[in-house]
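Residue numbers (my numbering): 677 to 806.
Reviewing the structure listed below.
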Amino acid sequence: MQANSTFTLIEASEKPFSEFEGGPKLTKGNFKMAYVGELQGESILQELKCYLADGSATVFGFEQFTGSLGNRSGTFVLEHVGKFENGVLTSKRNVVIGSGTGDLNGLKGEVNFQTGSAEQFAITLEYSFE
Numbered sequence: 677m678q679a680n681s682t683f684t685l686i687e688a689s690e691k692p693f694s695e696f697e698g699g700p701k702l703t704k705g706n707f708k709m710a711y712v713g714e715l716q717g718e719s720i721l722q723e724l725k726c727y728l729a730d731g732s733a734t735v736f737g738f739e740q741f742t743g744s745l746g747n748r749s750g751t752f753v754l755e756h757v758g759k760f761e762n763g764v765l766t767s768k769r770n771v772v773i774g775s776g777t778g779d780l781n782g783l784k785g786e787v788n789f790q791t792g793s794a795e796q797f798a799i800t801l802e803y804s805f806e
């Protein structure tokens, strides 16, 4: 099954926690998003990035979603793994197996995501239930 939605950033902050002259910069980001569409609700995301001298970054994070998927409601967690290059973020977001609660218990799925700078971001969640 597929669920199409858009999300907007409600809050965003990113701060370095380690920097080496001539080496990588490590940052931690905190984000809050609002989803509308077949996936409706809010989420919080904690994200770690490792920026290299060329401006590219490796990205890893966890996002806790609270809301509804179609006519089912509950929470679940997405694991983010991605790469930021030339102003474009490409990431894969997998539902953490066993993280679904309420009517979202047993949720499995993934989102392949690519974007540059935007105010709204479109996603498609490919999903099933165990």
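Each residue gets a CB set at the ideal place from its N, CA and C atoms; glycine is no exception.
In angstroms, rounded to a whole number, what distance separates the CA positions of residue 677 and residue 717? In a straight line, the C-alpha of residue 677 is about 19 Å away from that of residue 717.
Looking at the structure shown, is residue 869 part of a helix, part of a strand, or coil, going by DSSP? Given a span of 677 to 806 for the chain in the structure shown, any question on residue 869 remains unanswerable.
Name, in chain order, the residues that DSSP records as bridge partners for residue 717. Answer by DSSP bridge pairing, in chain order: 711 and 743.
Can you tell me whether residue 764 is buried or exposed? The criterion is at least 16 other CB atoms within 10 Å of its CB, across all chains shown. Residue environment: residue 764 is assigned as exposed (fewer than 16 neighbouring CB atoms within 10 Å of its CB, all protein chains considered).
Give me whichever residues DSSP pairs with residue 689 in a beta bridge. Beta-bridge pairing links residue 689 to 706.
Would you check if there are 3 or more beta carbon pairs closer than 8 Å linking the stretch 783 to 800 to the stretch 752 to 766? The answer is yes - the stretch 752 to 766 touches the stretch 783 to 800, with three or more Cβ pairs under 8 Å.
Quick check: the stretch 768 to 781 against the stretch 734 to 753, are at least 3 beta-carbon pairs closer than 8 Å? Taking a cut-off of 8 Å for Cβ pairs, the stretch 734 to 753 and the stretch 768 to 781 touch, as three or more such pairs fall below it.
Going by C-alpha to C-alpha distance, which of 679, 680 and 684 sits closest to residue 719? Nearest C-alpha to residue 719: 684.
Taking 7 Å as the threshold (C-beta atoms), are residue 714 and residue 770 in contact? The answer is no: Cβ separation not under 7 Å.
Pairwise C-alpha distance: residue 788 and residue 802: If you take the alpha carbons of residue 802 and residue 788, they lie about 9 Å apart.
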